[in-house]
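Chemist: This is the structure, below, for whatever I ask next.
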Amino acid sequence: MVRINRVYTRAGDDGTTALVGGQRVPKDGPRIEAYGTVDELNTVIGAAIAFGTGEALTAALLPIQHELFNLGSVLALDPTDSERIPLPSVGSSHVEKLEGLIDEWNDSLPALTSFVLPGG
Numbered sequence: 002m003v004r005i006n007r008v009y010t011r012a013g014d015d016g017t018t019a020l021v022g023g024q025r026v027p028k029d030g031p032r033i034e035a036y037g038t039v040d041e042l043n044t045v046i047g048a049a050i051a052f053g054t055g056e057a058l059t060a061a062l063l064p065i066q067h068e069l070f071n072l073g074s075v076l077a078l079d080p081t082d083s084e085r086i087p088l089p090s091v092g093s094s095h096v097e098k099l100e101g102l103i104d105e106w107n108d109s110l111p112a113l114t115s116f117v118l119p120g121g
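Residue numbers (this note's numbering): 2 to 121.
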């Protein structure tokens with residue numbers, strides 16, 4: 002397990018951040034935006050679990066959280082470092098599994114007749 006001793010670097014802010022391999026990239030770049038979005042999704046799933054989703058849904062969501070964490074790691078690694086720094090793979094089988102869960106859950110819901118606002 003990774004241990005983080007502090008959450009600051011004291012290096013100032015030049016508008017860049019480091020990828021896992023150490024390469025500096027702009028903080029507003031598409032890779033950073035992508036893994037930030039994955040982190041946000043993981044946070045929402047964690048909040049849903051914390052507020053109580055029931056055992057069956059929690060059992061389905063926990064593995065998804067782990068897979069999202071792996072995806073964030075892959076996005077945070079420069080592709081040129083993929084051999085030097087091995088990470089769990091994320092592939093089409095993960096997407097297919099997630100789509101299967103979505104279809105299963107969607108089939109159990111009543112048909113939508115209008116747009117739904119977040120939260121209900």
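Glycine included, every Cβ here is placed at the ideal spot set by N, Cα and C.
Predicted model only: the values in this text are computed from it and were never measured.
1) Rounded to a whole number of angstroms, what is the C-alpha to C-alpha distance between Lys98 and Lys28?
2) Is it right to say Ala77 is buried, meaning 16 or more other beta carbons lie within 10 angstroms of its own, or is it exposed?
3) Considering only C-alpha positions, which residue in the set Thr44, Asn43 and Thr17 is nearest to Pro31?
4) Mind reading off the beta-carbon distance from Asp79 to Leu20? Whole number of angstroms is fine, and I expect it under 8 angstroms.
5) Beta-carbon within less than 8 angstroms of Ile33's beta-carbon, same chain only, minus the 5 sequence neighbours each way: which residues are those?
6) In three-state terms, what does DSSP make of Val96?
7) In whole angstroms, what is the alpha-carbon distance linking Val96 and Asn6?
8) Is the separation between the beta-carbon of Ile86 and that of Gly22 shorter than 9 angstroms?
Modeler: According to the structure data:
1) Locating residue 98 in the sequence shown gives position 97, where the first residue counts as 1. Locating residue 28 in the sequence shown gives position 27, where the first residue counts as 1. Lys98 and Lys28 have their C-alpha atoms spaced approximately 31 angstroms apart.
2) On the sequence shown, residue 77 is found 76 positions in, with the first residue counted as 1. Buried, by the Cβ-count rule.
3) Position 30 of the sequence shown, counted from the first residue, corresponds to residue 31. Measuring from the Cα of Pro31, the nearest candidate turns out to be Thr17.
4) For the purposes of this step, residue 79 is taken as the residue at position 78 of the sequence shown. For the purposes of this step, residue 20 is taken as the residue at position 19 of the sequence shown. With a Cβ gap of about 5 angstroms, Asp79 and Leu20 count as contacting.
5) For the purposes of this step, residue 33 is taken as the residue at position 32 of the sequence shown. Cβ within range, chain order: Thr18, Val26 and Pro27.
6) Locating residue 96 in the sequence shown gives position 95, counting from the first residue. Note: Val96 maps to helix in three-state DSSP.
7) Counting from 1 along the sequence shown, the entry for residue 96 is found at position 95. Counting from 1 along the sequence shown, the entry for residue 6 is found at position 5. Val96 and Asn6 have their C-alpha atoms some 34 angstroms from each other.
8) What you label residue 86 is simply residue 85 of the sequence shown in a count that begins at 1. What you label residue 22 is simply residue 21 of the sequence shown in a count that begins at 1. Judged by beta-carbon spacing, Gly22 lies within the 9 angstroms limit of Ile86, meaning their Cβ atoms are closer than that value.
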